[in-house]
């Protein structure tokens with residue numbers, strides 16, 4: 020019977036440590052893991068990005084969760100293909116996230 024209170028005290032201590040987070044200033048890595056509507060400040064998971072074609076080096080703006088196939092206007096190669104969530108870039112294409 021003696022080990023039982025010791026184990027429960029350990030779990031109470033663990034619970035206090037996990038809940039010992041500043042709720043007004045949560046860490047960025049914890050906010051990134053939360054659902055987009057349950058964050059302290061709601062923000063979408065999607066973004067726009069500039070994709071550079073590997074053939075003609077032209078830059079095209081693509082939505083991260085695009086639901087259609089995006090083709091390069093210069094050389095007609097496929098830049099990204101839709102999946103269930105985010106669009107998958109073709110191998111060899113480079114991209115950068117747009118800030119605005």
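Residue numbers (this note's numbering): 20 to 119.
Here a beta-carbon is modelled for each residue, glycine too, at the ideal position from N, C-alpha and C.
| Query | Result |
| --- | --- |
| Counterpart residues of residue 82 in DSSP-defined beta bridges | 67 |
| Cutoff 6 Å; reference residue 105; Cβ partners in own chain excluding five residues on either side | 83, 84 |
| Residue from 48, 102, 63 with nearest C-alpha to residue 55 | 63 |
| Three-state class that DSSP yields for residue 98 in the structure shown | strand |
| Supposed contact pair residue 90 and residue 81 - C-beta distance, whole angstroms, cut 8 Å | Going by Cβ atoms, the distance from residue 81 to residue 90 rounds to 11 Å, so no, they are not a contact pair. |
| Neighbour-count burial assignment, residue 35, 16 or more Cβ in a 10 Å radius | For residue 35, the predicted model reports a pLDDT of 48, less than 50, meaning its position is unreliable and no value from the coordinates is stated. |
| Cα-Cα separation between residue 48 and residue 58, rounded to whole angstroms | 11 Å |
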